[in-house]
Every structure is written in C-alpha cells, then in structure tokens.
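Residue numbers (the working numbering): 1139 to 1276.
Virtual Cβ for every residue (Gly too), placed ideally from N, Cα, C.
Remember, predicted model here, so these are calculated numbers, not experimental data.
Below: one structure, written as structure tokens.
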Amino acid sequence: MVAIRLIRRVSGSQLVPLSSTTAVAFGGLGTNSKPVHNCVVFDAKSGWSTMEAAGTRPPRSAGQSAVYDPNTYQMIVSFGLAAGPTLLDDMWIYDLSSLIWACKEGLSRECLADKQQRVNAGTAAPSKVPANMRPSKR
1139 MVAIRLIRRV
1149 SGSQLVPLSS
1159 TTAVAFGGLG
1169 TNSKPVHNCV
1179 VFDAKSGWST
1189 MEAAGTRPPR
1199 SAGQSAVYDP
1209 NTYQMIVSFG
1219 LAAGPTLLDD
1229 MWIYDLSSLI
1239 WACKEGLSRE
1249 CLADKQQRVN
1259 AGTAAPSKVP
1269 ANMRPSKR
C-alpha cells in the first residue's frame, strides 16, 4: 500500500472493517463529482492509503454496497451508479491477499471484459460467494 493524500469522496461503499484498527472502502464520487474506482484503506496508526489492484477493476461508481468475508479475506462489492447515469447490477470480488479484482456476475463493459480475460487465461472468478449473497437471476 502507498501512503496518499486522500482524495475527498462521497457516496462510496460503506467503510468495511477488516480488523479493529483497519477498514477499506471502494469507489464513490470524487471532488469533481465523477465516480472513482479505487480502494482506500484506513489504518489507525498510519491513516489513509490506497490499494493498487491487478486486473480489470469494477466500473467507476458511487453508492455501491460492500461486505467483507474474513474467512476468505475478500471484499464483495455490488450494485451502484456509474457515469451516465447507469445503474449497475455487477458483483465483484476483491481478494485482499492478492489485490486482484474478479467479476462474478454482471453485464457492465468492465465485467464482460474481465470474464473474457479469464476465459482466455483459463481461470475462473472466485467461487466462494455465499449462496445468500449471490444476485438472483432476472
């Protein structure tokens, strides 16, 4: 992680606790009122920092939901509002041990690109999303 001067933001995912002294958030609206798509971490000792991610990232969005699974060390991010405005129905998994995003469900351009890259590479998105957290089929 790299120490940064945090870009002010509003309407990102809720701050997801990783431990009693750290928490992470994804996305939101930046100072220019445009969606951002990075993760920031708050550590009680060192303050704010950003987490660099590998692979395709979720669309720039605001108002999304997020939850952290301490058993798999993954943050799951869903829904939100992208530029346009466009409502999103994606579900992304951010593996905090490898710092890799993977789209599990969705039809956004970024999700489809991530799925195609995984098909080409012969890899799959993480499958440890609990059944009660998977989006229903429409």
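Residue environment: Leu-1219 is assigned as buried (16 or more neighbouring CB atoms within 10 Å of its CB, all protein chains considered). In the structure shown, Leu-1219 falls within a strand segment according to DSSP collapsed to helix, strand and coil.
Per the Cβ contact rule, the region 1250-1260 is not in contact with the region 1198-1209 (fewer than 3 Cβ pairs under 8 Å). Between Ile-1231 and Ala-1191, the C-beta gap is not smaller than 8 Å, which leaves the two residues out of contact.
Secondary structure remark: continuous beta strand (DSSP E) runs of at least 3 residues inside the region 1198-1248, in chain order: 1203-1207, 1212-1216, 1229-1233, 1238-1243. Here the alpha carbon of Phe-1217 sits roughly 5 Å from the alpha carbon of Asp-1227.
The alpha-carbon of Trp-1186 is positioned some 5 Å away from that of Phe-1180. With respect to Thr-1194, Glu-1243 sits apart: the two C-beta atoms are not nearer than 8 Å. Non-local C-beta neighbours of Thr-1160 in its own chain, meaning closer than 8 Å and more than five positions away in sequence, comprise Val-1179, Phe-1180, Asp-1181, Ala-1182, ordered along the chain.
The three-state reading of DSSP puts Leu-1167 in strand, counting E and B together. Of the residues assessed, Gln-1152 falls on the exposed side of the cut-off, its CB having fewer than 16 other CB atoms within 10 angstroms.
If you ignore the 5 residues before and after Asn-1176, its C-beta comes within less than 8 Å of the C-beta of Phe-1164, Gly-1165, Thr-1188, Met-1189, Ala-1191, Arg-1195, all in its own chain and listed in chain order. Of the residues Ser-1158, Val-1162, Pro-1173, Ser-1157, the one whose Cα lies closest to the Cα of Leu-1225 is Pro-1173.
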